[in-house]
Amino acid sequence: MSASPALPEALAATAEAVAAYIDAAIAQSGAPGERLASAMRHGALAGGKRLRPFLVIESAALFGVPAAAAMPAAAALECIHCYSLVHDDLPAMDNDDLRRGQPTVHRAYDEATAILAGDGLLTLAFEILAREEAGPDAEVRIALVASLAHAAGVAGMIGGQMLDLAAEGRFASGRPLDLPAEEIIRLQAMKTGALLRQACEAGALVGRATPEERASLDRYARAVGRAFQIADDLLDVEGEADTVGKAVGKDAAAGKATLVGKLGVAGARAELARLVDEAEAALAGFGSAATLLKEAARFIAARRN
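Using the working numbering, the first residue of the sequence shown is number 152, and each one after it goes up by one.
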């Protein structure tokens, strides 16, 4: 499952370009004073693989779209992802002190500033997509806004987070739920998978893909989304905090339902391998143009942080 040397270079180049774009967007956002803008930068620019924007850019590249043209959609999605991390880390949610090897935003600043910084990144995402630089065709920009809002909203990431909290026993009975595997898959497809699917959908929208091409990319993204979450759950079981960049062992402590818990470590690794094969098969029609996307699926399954 090892990645070729080209993938780390491509990920690094994307990460640098996306960070520069978001940094400039924050500078132009009109945030009053330095504290709010600084907290937004802490939440959005403090490292990270930028996997989601990479998927946007590489999906768009399948249709001949240059990286610069796909960058607004990629940066907007990353703003949404980073806002979600800022809010997930809050004491009322996951109560984490460490993110990407650094203090979480509410620890580096305070809870109120962290909430507003997350809100700022959320709204900045849609401001970016509304600008003409996101695409000269207004219909494409509207489609991108609708796609991102749906993936990030109650039918996607936010709804998945609510289901996750309920499964931990945060409400009603106060006891963790023993969810069946299919319910865990549904929860994770919303909480984690929705934004990964949107990444490929955004690239397809920018590239004006055919319905058949969009369907192939969606099959790839669904498999990658499930693989990402299983890999993340494995890291929580097997990883070291210094390597992972955040606290580990929290899923079991919270009684959180995961596929690793259902399948065991060996079973989870077997499912990861199957999902990588599924992701690669979905891209067969794109030929060598999809090489980096296939490498990304392997990278996701084998990641250590």
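C-beta atoms are modelled at their ideal positions from N, C-alpha and C, and glycine is treated no differently.
Check for me: the alpha helix (DSSP H) holding K413 runs from which residue to which?
Taken as a continuous stretch (DSSP letters only), the alpha helix (DSSP H) holding K413 covers L410 to A433.
Which two residues bound the contiguous alpha helix (DSSP H) that contains Y234?
First-last of the alpha helix (DSSP H) with Y234: A218 to D239.
So, are the CB atoms of A224 and A424 less than 8 Å apart?
Result no, Cβ atoms of A224 and A424 do not sit closer than 8 Å.
What is the rounded straight-line gap between the Cα of A360 and the Cα of V291?
C-alpha of A360 to C-alpha of V291: approximately 12 Å in a straight line.
Return the Cβ separation of A218 and I231 in integer angstroms, given the expectation that the two are a contact with Cβ distance under 8 Å.
I231 and A218 do not touch by the CB rule: their CB atoms are close to 19 Å apart, not below 8 Å.
Whose C-alpha, out of Y371, R373 and K413, is nearest the C-alpha of D384?
Ranked by how close their Cα comes to the Cα of D384, the residues Y371, R373 and K413 have K413 in first place.
Whose C-beta lies closer than 7 Å to the C-beta of I173 among residues of the same chain, with five residues either side of it excluded?
Once the five neighbours on either side are set aside, the close Cβ partners of I173 are A195, L196, A226, E229 and C230.
Going by Cα to Cα distance, which pick from M308, G184 and E167 is closest to Y234?
Across the set M308, G184 and E167, the C-alpha of M308 shows the shortest separation from the C-alpha of Y234.
For a test of the three-state rule: what should DSSP assign to L249, helix, strand or coil?
The answer is strand: DSSP assigns L249 an E or B state.
What residues are listed by DSSP as bridge partners for P254?
L249, per the DSSP bridge assignment.
Buried or exposed by the 16-neighbour rule on C-beta atoms within 10 Å, applied to V427
With 16 or more other Cβ atoms inside 10 Å of its own Cβ, V427 counts as buried.
Whose CA, out of A448, G304, R454 and P331, lies closest to the CA of A382?
Comparing alpha-carbon positions, the option among A448, G304, R454 and P331 lying closest to A382 turns out to be R454.
Alpha helix (DSSP H) segment containing Q349, residue limits
From DSSP, the alpha helix (DSSP H) with Q349 extends over A345 to V357.
I'd like to check one pair, A182 with A176: are the Cβ atoms closer than 8 Å?
The beta carbons of A176 and A182 sit no closer together than 8 Å.
Is the beta carbon of R251 sitting closer than 8 Å to the one on G286?
No. Outside cutoff.
Do you know how far the Cα of V296 is from the Cα of F277?
If I take the Cα positions, the gap works out to 7 Å.
Quick one: using the 10 Å Cβ neighbour count with 16 as the cut-off for buried, is A366 buried or exposed?
With fewer than 16 other Cβ atoms within 10 Å, it is exposed.
Along the chain, where does the alpha helix (DSSP H) that runs through G310 open and close?
Its alpha helix (DSSP H) spans residues M308 to A318.
If K342 sits next to G304, beta carbons under 8 Å apart, how far is it from one beta carbon to the other, in whole angstroms?
The Cβ separation is near 12 Å, so there is no contact.
Taking the Cβ atom as the reference point for each residue, do A178 and G358 lie within a distance shorter than 8 Å?
No, the pair does not count as a contact, with Cβ atoms beyond the cut-off.
Would R348 and G376 qualify as a contact pair, given that the criterion is a beta-carbon distance under 8 Å?
In contact: R348 and G376 (Cβ atoms closer than 8 Å).
Taking the straight line between their C-alpha atoms, what separation do you get for A340 and D288?
Cα to Cα, A340 sits roughly 30 Å from D288.
Going by the beta-carbon positions, is the gap between A408 and L328 smaller than 8 Å?
A distance below 8 Å separates the beta carbons of A408 and L328.
Would you decide whether T264 is buried or exposed? Buried here means 16 or more other CB atoms lie within 10 Å of its CB.
Classification for T264: buried.
Within 8 Å, strictly: CB atoms of A452 and L206
In terms of Cβ geometry, A452 and L206 do not form a close pair [threshold 8 Å].
Is it buried or exposed for T274, if we count other Cβ within 10 angstroms and need 16 for buried?
Flag for T274 reads exposed.
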